[in-house]
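To start, the structure itself, in structure tokens.
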Amino acid sequence: MEIKSEIDSNVLTVLTDEQKKKAMIIQALFVIQKEHNYLPAEQLKQLSERLELSTADIYSTASFYKQFYMQPRGKNVVCVCVGTACHVSGAPEILETFEKTFDLKAGETDPDLNVTLETVGCVGCCGLAPVVTVNEAEILGEITTAEAEKVAGKVWPKEA
Amino acid sequence: MEPNVKLTIDGYAVTVPVGTNLLEAAQTVGVEIPHLCYLKSFLGIGACRICLVEIAGFRAPVTACTTLVQADMLVITDSARLRADRKFVLDLILSVHPPRCGQCEKVGVCQLIKYASKYRIGKSTFEYTEIGQAVTDPNPFIRRDMRYCILCGKCVRICQGQGTNVLAFLGRGIKLGVGTPAASSLKDNGCTFCGSCVEVCPVSALAEVPKLGKGREIKYTKTASVCMQCGNACPTQVATYEDELVKVNALDNADQTTGYLCAVGRFGFYLRQGEKRLTTPLKKSSGIWQETDWTEALTIISQRFKKGNSGLIATGTILNQEVLDLATFAQATQISNLAGTPALYASNEALRAPAAQLEQADLIILVGLNPSQQQRVFPALDAVIKSRVRQGAKLVVLNDVATGLGALAEVEILDEPVMLLEAFGRCAGMSIPQDVLGATTQAAIIAKAAKLYQAAQNPVLLCEPAYYQACVNAIGNKGPVLVMPYEANAKGVALMLPAPEQLNCRELLNGGVDTLYIAGEMLAGKNVQTDFLIVQQPYFNGVALQADIVLPAPLPWEKTGTVVDWQGQLKNLQQACPVPPGVKTYRQVFSELGQMLGCRLEWTAEDAVIAAAQLRPEPVVRELSTAFTPALSLVERVKLLKELNGLVARSLE
Ligand code: SF4
Ligand code: SF4
Ligand code: SF4
Ligand code: FES
Ligand code: FES
Numbered sequence: 080m081e082i083k084s085e086i087d088s089n090v091l092t093v094l095t096d097e098q099k100k101k102a103m104i105i106q107a108l109f110v111i112q113k114e115h116n117y118l119p120a121e122q123l124k125q126l127s128e129r130l131e132l133s134t135a136d137i138y139s140t141a142s143f144y145k146q147f148y149m150q151p152r153g154k155n156v157v158c159v160c161v162g163t164a165c166h167v168s169g170a171p172e173i174l175e176t177f178e179k180t181f182d183l184k185a186g187e188t189d190p191d192l193n194v195t196l197e198t199v200g201c202v203g204c205c206g207l208a209p210v211v212t213v214n215e216a217e218i219l220g221e222i223t224t225a226e227a228e229k230v231a232g233k234v235w236p237k238e239a
Numbered sequence: 016m017e018p019n020v021k022l023t024i025d026g027y028a029v030t031v032p033v034g035t036n037l038l039e040a041a042q043t044v045g046v047e048i049p050h051l052c053y054l055k056s057f058l059g060i061g062a063c064r065i066c067l068v069e070i071a072g073f074r075a076p077v078t079a080c081t082t083l084v085q086a087d088m089l090v091i092t093d094s095a096r097l098r099a100d101r102k103f104v105l106d107l108i109l110s111v112h113p114p115r116c117g118q119c120e121k122v123g124v125c126q127l128i129k130y131a132s133k134y135r136i137g138k139s140t141f142e143y144t145e146i147g148q149a150v151t152d153p154n155p156f157i158r159r160d161m162r163y164c165i166l167c168g169k170c171v172r173i174c175q176g177q178g179t180n181v182l183a184f185l186g187r188g189i190k191l192g193v194g195t196p197a198a199s200s201l202k203d204n205g206c207t208f209c210g211s212c213v214e215v216c217p218v219s220a221l222a223e224v225p226k227l228g229k230g231r232e233i234k235y236t237k238t239a240s241v242c243m244q245c246g247n248a249c250p251t252q253v254a255t256y257e258d259e260l261v262k263v264n265a266l267d268n269a270d271q272t273t274g275y276l277c278a279v280g281r282f283g284f285y286l287r288q289g290e291k292r293l294t295t296p297l298k299k300s301s302g303i304w305q306e307t308d309w310t311e312a313l314t315i316i317s318q319r320f321k322k323g324n325s326g327l328i329a330t331g332t333i334l335n336q337e338v339l340d341l342a343t344f345a346q347a348t349q350i351s352n353l354a355g356t357p358a359l360y361a362s363n364e365a366l367r368a369p370a371a372q373l374e375q376a377d378l379i380i381l382v383g384l385n386p387s388q389q390q391r392v393f394p395a396l397d398a399v400i401k402s403r404v405r406q407g408a409k410l411v412v413l414n415d416v417a418t419g420l421g422a423l424a425e426v427e428i429l430d431e432p433v434m435l436l437e438a439f440g441r442c443a444g445m446s447i448p449q450d451v452l453g454a455t456t457q458a459a460i461i462a463k464a465a466k467l468y469q470a471a472q473n474p475v476l477l478c479e480p481a482y483y484q485a486c487v488n489a490i491g492n493k494g495p496v497l498v499m500p501y502e503a504n505a506k507g508v509a510l511m512l513p514a515p516e517q518l519n520c521r522e523l524l525n526g527g528v529d530t531l532y533i534a535g536e537m538l539a540g541k542n543v544q545t546d547f548l549i550v551q552q553p554y555f556n557g558v559a560l561q562a563d564i565v566l567p568a569p570l571p572w573e574k575t576g577t578v579v580d581w582q583g584q585l586k587n588l589q590q591a592c593p594v595p596p597g598v599k600t601y602r603q604v605f606s607e608l609g610q611m612l613g614c615r616l617e618w619t620a621e622d623a624v625i626a627a628a629q630l631r632p633e634p635v636v637r638e639l640s641t642a643f644t645p646a647l648s649l650v651e652r653v654k655l656l657k658e659l660n661g662l663v664a665r666s667l668e
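First to last, the sequence lines map onto chains A and B. For the first sequence, this note's numbering assigns the number 80 to the initial residue and increments by one for each residue that follows. For the second sequence, this note's numbering assigns the number 16 to the initial residue and increments by one for each residue that follows.
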């Protein structure tokens, strides 16, 4: 235990204050996103002031990871896999189905924040292609356009 | 000194310090390896892949900018294989670069087209895919069109390296781009519009707004000059097109400290186009300004001079030769009151101290100065210190107010500088026990600074002029003391002028003479009390408004000559534009006045300037209580620099 803390403190002496602050960015972004569901510009500005880092540093980290969102997200997130296997098994048509039913383009969220439509490159279950995930919890494999329409209707029921 | 490594590049024997990369090693023997993303003094990042070289014993080519020299390496920088590889790399880059070189104004400085034509590739063999977009960010200085960006990252690194940190890589993969967060404006991200990013951009992604629509760069004539707007006296490269000044670049000269220009130096010529340039003499009669001709103006002046009790002032904004010409005129006409404005803020000893370079310093002790790019107070100095620290130099700050550089300093001590220097001087001569250093008392922190000083090979003390003697007293002979003057040629004026025979500059300005002539732009805001005031300067502003006669003068890029910069180095200016009709040089004016006064003037030759510039006193000595009291308060002095900031700030509104 003692040895470990000695190593820790040695590591800290070689890190500059700036590096220590930069190491904080990702943790801070997670906290902000957890609270707001996305990364509001105002929060990022405050973060840059608190850490005394430029907004350039914060945004360049935030924009590198697909897991961080700069725009508000919908209550439900539908994600169409467009990886190679899914692509050849008809992902483009599936995506088009969702785009039409939601009247959204990939990457967009409706103004009332009901749903966000996204794409991803390979979820890792190519045997089930084409694949769609809902809220990163439900994985729908071998999906057809008819099923896609049903999923869409369930996720965001619109009055007739 | 780092130990050396010997290797062979294209058959040349090369000896360079350990840690040199192959790209720079090759440059030492004149072998130029193509490169697009390598930025001098920064670590290579290997982004563009065009600097590929072959090394004996390596299977595949490697990037020269990221490969460090090793003993006995055998490097080949040109072969059929490398040419084919580079051609392919260029083919890929061009596939995402707009195929519009025919209309591009950057041709002449664009590195991409330079290599494309060298490797004979006209158009990409791939289909062109547009990535990035033109950025909407209206401002008078920088145009961004990211469709042209080749993602070399130089702009990001230079902006970070100088400590402004406005630009970033954003996104990743095919969406990777360079710019400001969420397409916000440069201004909102704290950009100072120094234009360093434009300077390093190898393509047309970043460009200076003033030169847009003014032809292709290949047609520009480039001339070396110096920015005369503040004490930094940054070396510049002035570009003209059909005798019109179209842009200003930093002069990248290995032995100069800075490749940096602030917005004033780079874009000032353009900002000042709105101001009233004098092209004819003006005289004030019963409170009203009137245009007049040269004969009348000079006749009035010569009559005033004939009456006697006259004085002449050289400002720190004119060139060495012009100062000497003024001295020649003074001597011939027996006007014995001759002084220079630098004496308002610095002692003669401080200004005439030997030359020294910050570039080699491993420890910089900054006394009483608070340089800042954001506030535009010695912005180039701020950038230089930041990049020195990035390269490993240590920084100690002694000041009575917190400084912007404090965060980078190894030690920052905030208290009255003269007192701190005395304590520091005592410590510097003693051996400091290790156990003192852990404490946080002021004495211990001063001891820590002294310890750094003792360990340094090339310490440099850089101070506000008022602290010169206190600095010299503190350290004696180890390391030079450099003062930062407020005017570009302050040191030149002090070296060219004899010590004032009768009245000093302050006395001259405070009504010591009846007739006073001022050559060059005077420090703004100074109230001049004299019966009859003559001012010769390029613009109708500042002290000229208090004058009785105003004479037009040439701008720095309209003349040839030298200045002695803040580091005591002689720097050259070459005339890039003709003197506009109606404007006379200082020498023409002195010569015509001399004739009217019946005196023969014999100009000093150019080598006299160089001799005078090298005329330095013996090494500095410690003296007790030779405190120098500047005529202008610190607030007034710093205000002079803020004027620059105002010029830029107003243009951004
Ligand atoms: S102009 Fe200067 S401060 Fe602004 S982005 Fe470019 S390098 Fe950075
Ligand atoms: S804008 Fe210019 S300097 Fe910056 S990354 Fe693009 S090509 Fe390089
Ligand atoms: S720092 Fe001073 S000398 Fe250098 S470019 Fe700016 S105004 Fe000119
Ligand atoms: S490509 Fe869609 S799961 Fe692998
Ligand atoms: S210069 Fe070496 S990879 Fe770009």
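Just so you know, even glycine gets a beta-carbon here, dropped at the ideal spot from N, CA and C.
| Asked | Found |
| --- | --- |
| To the nearest angstrom, report how far apart residue 35/B and residue 90/B are at their CA atoms. | 14 Å |
| Around the Cβ of residue 136/A, are there at least 16 other Cβ atoms within 10 angstroms (buried) or fewer (exposed)? | buried |
| Any idea what DSSP makes of residue 311/B, helix, strand or coil? | helix |
| Name, please, each residue of chain A whose Cβ falls closer than 8 Å to the Cβ of residue 186/B. | 142 and 143 |
| Check whether the Cβ atoms of residue 160/A and residue 199/A sit closer than 8 Å, and answer yes or no. | yes |
| Confirm the yes/no value for this check: CB of residue 59/B, any heavy atom of ligand 5, distance under 7 Å. | yes |
| I want to check one thing, is the minimum distance from the CB of residue 220/B to the heavy atoms of ligand 2 below 7 Å? | yes |
| Given that residue 51/B touches chain A, what residues does it touch there, using C-beta distances under 9 Å? | Simply none; closest approach about 21 Å. |
| Identify which residue in 211/A, 210/A and 158/A has its Cα closest to the Cα of residue 186/A. | 158/A |
| From the DSSP secondary-structure annotation, give me the bridge partner or partners of residue 551/B. | 534/B and 566/B |
| Run through chain A and tell me which residues come within less than 8 Å of residue 394/B, C-beta to C-beta. | Chain A residues near residue 394/B: none, gap ~17 Å exceeds 8 Å. |
| Taking only beta-carbon atoms, is residue 135/A less than 8 Å away from chain B? | yes |
| Less than 8 Å between CB atoms is the rule here; does residue 335/B satisfy it with respect to chain A? | no |
| Are any of the Cβ atoms in chain B nearer than 8 Å to that of residue 138/A? | yes |
| Around the Cβ of residue 635/B, are there at least 16 other Cβ atoms within 10 angstroms (buried) or fewer (exposed)? | Residue confidence for residue 635/B is low, a pLDDT of 49 falling below 50, so the modelled location carries little weight; the figure read from the coordinates is stated next. Counting Cβ neighbours within 10 Å, residue 635/B comes out buried, since at least 16 surround it. |
| When the Cβ atoms of the region 275-289 of chain B are set against those of the region 211-227 of chain B, are three or more pairs found closer than 8 Å? | yes |
| Let me know if residue 144/A comes out buried or exposed under the rule of 16 or more other beta-carbons within 10 Å of its beta-carbon. | exposed |
| Once you ignore the five residues that flank residue 465/B on each side, which residues in its own chain have a CB closer than 7 Å to its CB? | 439, 442, 443 and 447 |
| For residue 18/B, tell me which candidate among 24/B, 27/B, 25/B and 31/B has the shortest Cα-Cα distance. | 31/B |
| Within 10 angstroms of the Cβ of residue 344/B, are there 16 or more other Cβ atoms? Answer buried if so, exposed if not. | buried |
| For residue 299/B and residue 566/B, what's the separation of their Cα atoms in angstroms? | 12 Å |
| Beta-carbon within less than 6 Å of residue 413/B's beta-carbon, same chain only, minus the 5 sequence neighbours each way: which residues are those? | 382, 428, 432 and 435 |
| Report the residue from 226/A, 173/A, 229/A and 192/A whose alpha carbon sits nearest the alpha carbon of residue 117/A. | 192/A |
| So, are the CB atoms of residue 124/B and residue 163/B less than 8 Å apart? | no |
| Using a Cβ-Cβ cut-off of less than 8 Å, give me the residues of the region 108-127 of chain A that come near chain B, in sequence order. | 120 and 123 |
| Just tell me which of 203/B, 188/B and 119/B has its CA closest to the CA of residue 152/B. | 203/B |
| Specify whether the region 542-550 of chain B and the region 350-361 of chain B touch according to this definition: at least 3 beta carbon pairs, one from each stretch, less than 8 Å apart. | no |
| Return yes when the C-beta of residue 208/B is under 7 Å from any heavy atom of ligand 1, and no when it is not. | yes |
| Could one say the Cβ of residue 420/B lies closer than 8 Å to chain A's Cβ atoms, at least one of them? | no |
| By DSSP's criteria, residue 409/B is part of a beta bridge. Which residues make up the other side? | 378/B |
| Residue 640/B CB to nearest chain A CB: under 8 Å? | Legend: pLDDT at residue 640/B = 47, less than 50; position of this residue unreliable, no value from coordinates given. |
| If you reduce the DSSP assignment to three classes, tell me which class residue 469/B lands in. | helix |
| What are the boundary residues of the alpha helix (DSSP H) that residue 140/A is part of? | 134-141 |
| Let me confirm a value: residue 321/B is counted as buried when at least 16 other C-beta atoms fall within 10 Å, else exposed. Which label applies? | exposed |
| Give me the Cα-Cα distance between residue 122/B and residue 250/B, rounded to the nearest whole angstrom. | 24 Å |
| Taking just the CA atoms, how far does residue 209/B sit from residue 578/B? | 23 Å |
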